[in-house]
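When we follow the UniProt record's numbering, the leftmost residue of the sequence shown carries the number 1, and every step to the right adds one. Take a look at the structure below.
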Amino acid sequence: MKKKTISYNKFITNTILISISVVVVLFVIYGTYIQSSSIEKSIRNDAKVVSSLVFQNLYTVMKNGGDKENINQMILELEESIPDIEIKILNPDSLPKDFKVNRENLKVSTHVKDGQYVELKSSIYYKEECLSCHQKVKIGDLAAVTQIDYPILNLKISLKEIVLLTTFLFLITITVFFSIWYMLLKKYFVQPINSLIEQIKKITSHEDLENKVYIDTSLKEVKELEKTFNEQNKKIVESYKDLEYISNTDSLTKVLNRKRFDEYSEMLSKTCKRYNKIFSLMLVDLNGFKLINDTYGHHIGDEILVLFSTLVKSTIRETDQFFRTGGDEFIILFPNTEIENIQIIIDKINDKFEETPYSKKDLKIIISASFGVSQFGIDGVDIDQLKAVADERMYKDKQKNKQKRS
Numbered sequence: 001m002k003k004k005t006i007s008y009n010k011f012i013t014n015t016i017l018i019s020i021s022v023v024v025v026l027f028v029i030y031g032t033y034i035q036s037s038s039i040e041k042s043i044r045n046d047a048k049v050v051s052s053l054v055f056q057n058l059y060t061v062m063k064n065g066g067d068k069e070n071i072n073q074m075i076l077e078l079e080e081s082i083p084d085i086e087i088k089i090l091n092p093d094s095l096p097k098d099f100k101v102n103r104e105n106l107k108v109s110t111h112v113k114d115g116q117y118v119e120l121k122s123s124i125y126y127k128e129e130c131l132s133c134h135q136k137v138k139i140g141d142l143a144a145v146t147q148i149d150y151p152i153l154n155l156k157i158s159l160k161e162i163v164l165l166t167t168f169l170f171l172i173t174i175t176v177f178f179s180i181w182y183m184l185l186k187k188y189f190v191q192p193i194n195s196l197i198e199q200i201k202k203i204t205s206h207e208d209l210e211n212k213v214y215i216d217t218s219l220k221e222v223k224e225l226e227k228t229f230n231e232q233n234k235k236i237v238e239s240y241k242d243l244e245y246i247s248n249t250d251s252l253t254k255v256l257n258r259k260r261f262d263e264y265s266e267m268l269s270k271t272c273k274r275y276n277k278i279f280s281l282m283l284v285d286l287n288g289f290k291l292i293n294d295t296y297g298h299h300i301g302d303e304i305l306v307l308f309s310t311l312v313k314s315t316i317r318e319t320d321q322f323f324r325t326g327g328d329e330f331i332i333l334f335p336n337t338e339i340e341n342i343q344i345i346i347d348k349i350n351d352k353f354e355e356t357p358y359s360k361k362d363l364k365i366i367i368s369a370s371f372g373v374s375q376f377g378i379d380g381v382d383i384d385q386l387k388a389v390a391d392e393r394m395y396k397d398k399q400k401n402k403q404k405r406s
């Protein structure tokens with residue numbers, strides 16, 4: 001199944017969107033944390049300072065025997081001096097049932113109300129000096145509850161704390177942003193390119209150019225790099241094969257050339273020596289070829305060489321190797337073949353010549369050739385020795401053919 005790919009531009013866009021999304025989530029989480037801990041703590045502390053001042057002033061008025069009018073006057077003065085503050089004196093009878101009496105003098109309880117105000121409450125208790133005016137109460141009874149509503153926006157937060165929180169959030173943002181980029185770039189760029197380099201090194205070190213590289217990535221441009229490399233590598237392999245074919249093949253007859261004969265015969269003789277095997281070597285020379293060239297021209301001679309090569313190739317086995325080593329001189333190597341069996345092949349070749357003469361318009365030429373055969377191990381273990389023996393026998397065969405024609 002073909003892997004789905006994305007373009008480089010889409011990859012960049014997706015990476016930016018992922019990074020922004022993660023950063024926004026972190027902002028929300030961290031912002032919530034700051035509100036619920038550090039900032040709210042600062043707000044409560046600041047509010048308690050303000051409320052303590054208010055409670056102290058009110059308590060002083062009450063302690064000095066101030067009546068309700070004096071207390072209201074003090075509240076008005078405090079509300080004028082502190083913007084947006086609201087102060088209430090709550091009678092114990094008007095308090096909700098779930099209100100918890102705080103026995104610690106001037107102990108302030110706080111909570112955030114409606115997300116905009118900090119509500120602070122402090123209990124005021126009767127003391128001994130209060131009994132002169134309030135005969136029906138006991139020392140320690142709840143006299144009243146002072147409630148202060150103070151806007152959150154008016155509260156002051158420590159500059160040091162703001163700087164620390166902002167710096168920490170900035171560092172987290174930068175770390176997360178670049179971590180995401182690092183991971184995605186490593187997955188989609190670095191690892192695929194490193195894989196490509198390793199595969200190329202492996203191919204070149206083993207000289208196995210026909211192997212294809214594969215890059216495991218979804219990035220379209222990187223996959224295109226894989227495709228381009230494989231296409232170029234394929235062209236190189238094809239060019240190499242073409243060059244190898246040209247360097248080993250005779251351009252006219254399309255049979256193997258002398259260079260390839262030297263390479264193959266050396267390899268074959270070494271193999272036969274090592275594994276105690278045999279092969280036969282046969283020299284073939286066209287009869288009267290010089291006369292054909294002189295009489296009809298070299299273009300006719302070339303066409304006869306092509307026909308001759310075609311007839312011989314169609315007669316020998318696929319395992320046999322056919323070489324052109326000179327103008328009208330050819331060599332055939334027969335692996336694992338004794339010399340006694342070669343005569344059968346020679347007879348088949350001669351039959352082909354008789355059956356398929358060269359004909360062009362009014363011209364008809366029956367091809368004939370002389371043969372000389374030698375066997376590895378019997379006539380020698382060296383290619384030059386085998387060629388010398390085969391050449392001598394081919395010369396004798398050529399003399400016989402001349403006598404027949406005369």
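Beta carbons: idealized from backbone N, C-alpha and C, even for Gly.
Tell me the rounded alpha-carbon separation between residue i and residue j.
i           : j    : result
N287        : L311 : 15 Å
Y275        : F353 : 37 Å
Q147        : K138 : 23 Å
T204        : T166 : 54 Å
T315        : I344 : 11 Å
P357        : D250 : 23 Å
T253        : I246 : 12 Å
K273        : G380 : 11 Å
S265        : V389 : 16 Å
T13         : V176 : 17 Å
residue 407 : K187 : Any question about residue 407 goes unanswered here, given that the chain covers just 1 to 406.
V306        : V190 : 57 Å
M267        : K402 : 36 Å
Q135        : D141 : 12 Å
M394        : K400 : 10 Å
E392        : G372 : 7 Å
I89         : S81  : 18 Å
K396        : D384 : 19 Å
E303        : K227 : 45 Å
D351        : E338 : 21 Å
N194        : E231 : 20 Å
I174        : I29  : 16 Å
F170        : E198 : 39 Å
Of the choices the options, whose alpha-carbon is the least far from that of residue i?
i    : options                : result
V237 : T356, E226, T253, E210 : E210
P335 : I378, D149, I278, I342 : I278
V23  : I172, K273, I85        : I172
F168 : K400, K88, L26         : L26
K270 : G377, K186, V28, V190  : G377
I367 : E392, R317, N401, F308 : F308
L281 : L386, E198, D242       : L386
D93  : T319, D384, A143       : A143
L78  : Q56, I304, N64, I300   : Q56
K10  : E198, K235, L184       : L184
I365 : V373, I29, E355, L164  : E355
E340 : Q375, K241, L333       : Q375
I349 : E69, I29, R317         : R317
E128 : L243, F170, N64, E198  : N64
D145 : L164, N91, M74         : Contrary to the premise, residue 145 reads as Val rather than Asp in this sequence. The shortest C-alpha separation from V145 is found at N91.
Can you give me the Cβ contacts of residue i inside the same chain, cut-off strictly under 8 Å, excluding the 5 residues immediately before and after it?
i    : result
N105 : Because the pLDDT at N105 is just 39, under 50, the model does not fix this residue reliably, and the point stays unresolved.
F229 : L196, I200, V213
K398 : D285, N287, S370
K313 : V255, F322
Can you find the residues in the same chain that come closer than 7 Å, C-beta to C-beta, to residue i, ignoring five residues on each side of it along the sequence?
i    : result
N233 : L209
D347 : none
T319 : P335
Leaving out five residues before and five after residue i in sequence, what residues of the same chain have Cβ atoms less than 6 Å from its Cβ?
i    : result
P192 : I215, T217, V222
F323 : L256, F261, I331
E86  : D149
R103 : Confidence is the limiting factor: at R103 the pLDDT is only 46, short of 50, which leaves the residue's position unreliable and the question unanswerable from this model.
I71  : V61
G301 : I292, N293
Establish whether the CB of residue i and some CB of chain B are separated by less than 8 Å.
i   : result
E80 : As a matter of chain content, chain B is missing from the structure shown, which is built from one protein chain.
Exercise for the section: Scan the stretch 168 to 205 and note each continuous alpha helix (DSSP H) run of 4 residues or more that stays entirely inside, going in chain order. Expected result: none
Handout entry: Inter-stretch contact (C-beta, 8 Å, three-pair minimum) for the stretch 323 to 343 and the stretch 272 to 289
Key = yes
Exercise for the section: Please determine if the stretch 350 to 362 and the stretch 253 to 270 are in contact, where contact requires at least 3 C-beta pairs separated by less than 8 Å. Expected result: no
Exercise for the section: Inspect the CB distances between the stretch 217 to 233 and the stretch 289 to 297 and report whether three or more fall short of 8 Å. Expected result: no
Problem - Segments of 4+ residues assigned as alpha helix (DSSP H) that fall wholly inside the stretch 291 to 332 - result: Along the length of the stretch 291 to 332, whole alpha helix (DSSP H) runs at least 4 residues long occupy 298 to 313, reported in chain order.
Practice task
May I ask you to verify whether the stretch 169 to 188 touches the stretch 14 to 22, counting CB pairs closer than 8 Å and requiring at least 3?
Solution key: yes
Handout entry: Inside the stretch 232 to 293 only - beta strand (DSSP E) runs reaching at least 3 residues
Key = 279 to 286
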